[in-house]
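Peer 1:
Numbering (my numbering), first residue to last: 838 to 990.
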């Protein structure tokens with residue numbers, strides 16, 4: 838789908854679901870990673886994550902578009918357009934938009950690193966797990982202020 842087709846699709850959703858035209862620019866942004874789309878308050882433009890369309894189809898992407906259009910229409914009317922505002926939540930429920938987008942498959946694979954290092958107190962044997970290597974001479978035990986020894990897991 839091209840940016841022109843997205844523009845027409847968002848204009849159609851705006852008229853059908855909100856009864857008000859969308860008068861600004863809409864485009865895809867493939868650099869978006871953790872969000873389905875975003876609304877810009879200064880320019881009033883909307884960007885949509887094309888990876889959501891590829892992974893979950895038009896139905897889920899339409900819910901994301903409705904979410905961004907809720908921000909758009911409420912902000913232009915001077916109403917509560919933030920996620921925490923009751924007006925935003927009510928309008929989102931009314932039009933059938935999604936509160937959160939689904940995680941992308943490649944984002945699911947990007948898990949945090951498991952612990953690779955263990956600091957062990959030489960006095961009381963307290964253990965501290967770390968993901969990154971640290972210099973044990975710069976730290977002391979939090980329980981007894983004893984010296985720490987670094988080992989790999």
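No residue lacks a Cβ here, since even glycine has one placed at the ideal position from N, Cα and C. A quick note: this is a predicted structure, and the numbers were derived from the prediction, not measured.
How far does the beta strand (DSSP E) with residue 966 in it extend, from its first residue to its last?
Peer 2: 964 to 967 is the extent of the beta strand (DSSP E) around residue 966.
Peer 1: Pull up the DSSP beta-bridge partners for residue 865, would you.
Peer 2: Partner(s): 885.
Peer 1: Could you check whether residue 857 and residue 904 sit closer than 8 Å to each other, using their CB atoms as the reference points?
Peer 2: The answer is no: Cβ separation not under 8 Å.
Peer 1: DSSP state of residue 876, grouped into three classes?
Peer 2: Looking at residue 876 - three-state DSSP - the assignment turns out to be strand.
Peer 1: Please list, in chain order, all residues of the same chain as residue 973 whose beta carbon is under 8 Å from its beta carbon, the five residues on each side excluded.
Peer 2: Answer for residue 973: 956, 984, 985, 986, 987, listed in chain order.
Peer 1: So what does DSSP say about residue 988, is it helix, strand or coil?
Peer 2: Strand, per DSSP.
Peer 1: Run the CB neighbour count on residue 962, radius 10 Å, all protein chains shown included, and call it buried at 16 or more, exposed below.
Peer 2: Looking at its Cβ environment, which holds fewer than 16 other Cβ atoms inside 10 Å, residue 962 is exposed.
Peer 1: Just to confirm, are residue 886 and residue 894 a CB contact at a threshold of 8 Å?
Peer 2: No, these two residues do not count as a Cβ contact at 8 Å.
Peer 1: How would you write the range of the alpha helix (DSSP H) that residue 929 sits in, first residue to last?
Peer 2: Its alpha helix (DSSP H) spans residues 923 to 932.
Peer 1: With H, G and I counted as helix, E and B as strand and the rest as coil, what does DSSP make of residue 961?
Peer 2: Coil at residue 961, not helix or strand.
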